[in-house]
Each structure stands twice: as C-alpha cells, then as structure tokens.
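Chemist:
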Amino acid sequence: MQFRFISPFCIIYIFMLLPGVSYTQANTLADSNQLSIGLWRGEILRTDGHVIPFNFQTKNLAGKMIIYVINGTERLMVDQIRQQGDSLFIDMPFFDSHFALRILDDQQLEGRWIKNYGNRQVLTPFRAVFPGPERYPAPKTPDFNISGRWSVYFKNERDSTEAVGEFKQSGSEVRGTFLTITGDYRFLDGVVSGDTLKLSTFDGANAYSFESEITDTNKMKGYFYSGASTVHTWVAEKNEQAKLPDEYSQTRLKDPANATLHFKFPDLNEHLVSLSDPVFKDKVVIV
Numbered sequence: 000m001q002f003r004f005i006s007p008f009c010i011i012y013i014f015m016l017l018p019g020v021s022y023t024q025a026n027t028l029a030d031s032n033q034l035s036i037g038l039w040r041g042e043i044l045r046t047d048g049h050v051i052p053f054n055f056q057t058k059n060l061a062g063k064m065i066i067y068v069i070n071g072t073e074r075l076m077v078d079q080i081r082q083q084g085d086s087l088f089i090d091m092p093f094f095d096s097h098f099a100l101r102i103l104d105d106q107q108l109e110g111r112w113i114k115n116y117g118n119r120q121v122l123t124p125f126r127a128v129f130p131g132p133e134r135y136p137a138p139k140t141p142d143f144n145i146s147g148r149w150s151v152y153f154k155n156e157r158d159s160t161e162a163v164g165e166f167k168q169s170g171s172e173v174r175g176t177f178l179t180i181t182g183d184y185r186f187l188d189g190v191v192s193g194d195t196l197k198l199s200t201f202d203g204a205n206a207y208s209f210e211s212e213i214t215d216t217n218k219m220k221g222y223f224y225s226g227a228s229t230v231h232t233w234v235a236e237k238n239e240q241a242k243l244p245d246e247y248s249q250t251r252l253k254d255p256a257n258a259t260l261h262f263k264f265p266d267l268n269e270h271l272v273s274l275s276d277p278v279f280k281d282k283v284v285i286v
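The opening position of the sequence shown corresponds to residue 0 in numbering that gives the first Met the number 0, with each subsequent residue numbered one higher.
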C-alpha cells in the first residue's frame, strides 16, 4: 500500500473552501474573547434605573491580564481573573464580591456584580465598554467651584447622619470624600456640570454615587445612591470650620437609671458568679 504525503498548505486551503468557514472568520472569533487593553467604563445598574459608573484599566503583565479600578488618585489592583471561553470571572481583593461576566466582544462586557452577605447574595446587573469615556460627561461649564469643607446631613426615613464633605475642584473635575464619625466614603471622583455635582466610587465592597443640585455658592442638595437599591437624600452648606461631633458624645446610655448590668453565670466549679459580687466592687470589669 502506498501513502501519499499531503502538504499542510493543502489542508489549510481545503479548510478555507468549506462552506461558511474562512481563516479570517476563525481568527476573528478567537480574538473576540481577548479584551482590549486600556481604559474601560463600568456601570453598576441599580433596580431603580440609576447607574453608578466607575473606570478601570486593563493591562497585560508578563502575559497575564490585571485590572486597576480607578477612583480619583486610587488605583486598586485586581489580579484574580479567570477566563473560560467567553466567560470572565473577576474576584475583588479584600472584599467578598466578584463579577461573573460574558465577553460580548473585545470592547463590551455584561453580567453581574455579586456581593456576598453571609448566606445571602445580592446580584446587580453590570456592563462595561471600551474605550472608556469619562466617568461622567460634563457638557456644561461649571457654574460653581465647590472646593473646601461642607457641613453635610444624610437623611433617611428614620434619622439623619452628620458628615463633613471635603472637595477639590479643578475646572469641571472634582475629587473628595465625606467624613463621618465611623469613617469616610473613600476616594470620590466626578464632575460639576452647570449647577449639577456628580461623584462616584467603587471598591468591590461598596458602590456609591452622589448627585446634587448646587443651589448657590454655599448650598447644595441631592441624593446618595448606595449599592443595588439604597437611596438617601442629603443637604450641604459651605463651612470651612465644619467638623464632626465628638465621638464620645455619640455613645450614651438609653436608660441611666438602669446603668448597671445584672447577670449570673456558673463558673467551672458550678458556683454562680455575679457582677454584684464583692470581689468586683470598685473595679473595672470587662464583659
């Protein structure tokens, strides 16, 4: 029996002649699963239709893709990225959340941002496009410069929270944060367009956006959007001496008449121990 050698070039030629198949098409399909390198714009899509935008940058590091989430001067590196065909899984560092996405092409992603709360998950729609336009468009020249400190009150149905806003504006661009007695709202990035302020941040744990109408040089009011569905109103007044209330003044007894703890428990020898026992008199006790 004689065997004939068939050139690889003939195989390629025959493959290209098959109906509906071309070398160019096959190569395009393979490339479509490779994300474009550079600046992207991501959008958290809330249930009320509001969008929380942020920018991120894709980079190739020694043959491996990494992502930098951008919030003002902050660059949050994300290197736990897995790709399976047209599926992309991104694990956020430090916080128990991740993205499960589909690669539509090299310039479009869609899927879910998945945040874990113990045994409960919150799935929020997400999309991203390349090249990433600005975080917020600023079609109008800013009517105001909000640089400085502001006294701020966030309000919901039950109560209000006092805060201090710190902002630095250059042209239309604004960066800053809100300080509270329990921390701050991290690196906020946004714009002033006309009489409208828009700011946002995303770090994997939290997705925040703040929008307000600047009513005059010293006042503004608006909405604070948090995560998939939470929304609060807020008002602010320019005040360079703005400061937070004393933390200790925020901690107090609801019922001073019953300030002493009363309880009993058995020790290792089954003897009852009580905080009112003489051994604890005039001593500091940590419970």
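Built from N, CA and C at the ideal position, the CB exists for glycine as well.
Around the C-beta of D188, are 16 or more other C-beta atoms found within 10 angstroms, so that it is buried, or is it exposed?
Modeler: If you number the sequence shown from 1, residue 188 lands on position 189. Answer is buried; the Cβ neighbour count reaches 16.
Chemist: Give every residue of the same chain whose Cβ lies closer than 8 Å to the Cβ of L271, excluding the five residues on either side of it in the sequence, and list them in chain order.
Modeler: Taking the sequence shown and counting its residues from 1, one reaches residue 271 at position 272. The answer, listed in chain order, is K263, F264 and P265.
Chemist: Quick check: what's the CA-CA separation for V68 versus H231?
Modeler: On the sequence shown, position 69 is the one that residue 68 refers to. On the sequence shown, position 232 is the one that residue 231 refers to. Near 25 Å, if we compare the C-alpha coordinates of H231 and V68.
Chemist: Output the boundary residues of the beta strand (DSSP E) element that contains G131.
Modeler: As a working mapping, residue 131 is identified with position 132 in the sequence shown. Neither: G131 is in no beta strand (DSSP E) and is coded neither H nor E.
Chemist: Look at N54 and R174 and say whether their C-beta atoms are less than 8 Å apart.
Modeler: One-based indexing of the sequence shown puts residue 54 at position 55. One-based indexing of the sequence shown puts residue 174 at position 175. Contact: no.
Chemist: Relative to the alpha-carbon of L34, which residue among R45, I66 and F201 has its alpha-carbon at the smallest distance?
Modeler: As a first step, residue 34 must be located in the sequence shown, where it is residue number 35. Here the closest residue by C-alpha is I66.
Chemist: Return the CA-CA distance between S208 and S275, expressed in angstroms with no decimal places.
Modeler: The residue you call residue 208 lines up with position 209 of the sequence shown. The residue you call residue 275 lines up with position 276 of the sequence shown. Cα-Cα distance, rounded: 51 Å.
Chemist: Hey, is the region 116 to 131 in contact with the region 36 to 50, meaning 3+ C-beta pairs nearer than 8 Å?
Modeler: Counting Cβ pairs under 8 Å, three or more are found: they touch.
Chemist: Look up D215 in the DSSP assignment and give the residues it is bridged to.
Modeler: Counting from 1 along the sequence shown, the entry for residue 215 is found at position 216. Looking at the DSSP assignment, D215 forms a beta bridge with K218.
Chemist: Can you look up F2 in the DSSP assignment and give me helix, strand or coil?
Modeler: Here the question's residue 2 lines up with position 3 in the sequence shown. The pLDDT assigned to F2 is 42, lower than 50, so where the model puts this residue is not dependable; a value taken from the coordinates is nonetheless given after this. In the structure shown, F2 sits in coil (DSSP, three-state: anything other than H, G, I, E or B).
Chemist: In chain order, what are the residue ranges of uninterrupted beta strand (DSSP E) at least 3 long that sit wholly in the region 169 to 214?
Modeler: Taking only runs of at least 3 residues, the beta strand (DSSP E) segments lying wholly in the region 169 to 214 are 172 to 179, 187 to 192 and 195 to 201.
Chemist: On the three-state DSSP scale, how would you describe A25?
Modeler: Counting from 1 along the sequence shown, the entry for residue 25 is found at position 26. For A25, the predicted structure reports a pLDDT of 31, less than 50, and the residue's modelled location is therefore unreliable. The matter cannot be settled from this model.
Chemist: Please classify T200 as buried or exposed, where buried requires at least 16 other C-beta atoms within 10 Å of its C-beta.
Modeler: The residue labelled residue 200 in the question sits at position 201 within the sequence shown. Buried, because 16 or more other Cβ atoms sit within 10 Å of the Cβ of T200.
Chemist: Inspect the beta-carbon positions of S96 and N115 and report whether they are closer than 8 Å.
Modeler: Counting from 1 along the sequence shown, the entry for residue 96 is found at position 97. Counting from 1 along the sequence shown, the entry for residue 115 is found at position 116. Yes, these two residues count as a Cβ contact at 8 Å.
Chemist: When DSSP labels each residue in this structure, what does S275 get in the three-state scheme?
Modeler: Here residue 275 refers to the residue found at position 276 of the sequence shown. It is coil, neither helix nor strand.
Chemist: Let me check understanding here. Comparing Cα to Cα, which of T259, D245, E236 and A227 lies closest to F125?
Modeler: Within the sequence shown, residue 125 is the residue found at index 126, counting from 1. Nearest of T259, D245, E236 and A227 to F125, Cα basis: A227.
Chemist: Note down, in chain order, each residue of its chain lying with its Cβ closer than 8 Å to the Cβ of E239, except the 5 sequence neighbours on either side.
Modeler: Against the sequence shown, residue 239 aligns to sequence position 240. Here the set comprises G147 and R148.
Chemist: Give the DSSP-derived three-state secondary structure of A162 in the structure shown.
Modeler: Here residue 162 corresponds to residue number 163 of the sequence shown, with the count starting at 1. Here A162 sits in strand by DSSP.
Chemist: Please name the residue, chosen from L108, E156, F143 and G164, that lies closest to N32 on a Cα-to-Cα basis.
Modeler: For the purposes of this step, residue 32 is taken as the residue at position 33 of the sequence shown. It is L108 whose Cα lies nearest to the Cα of N32.
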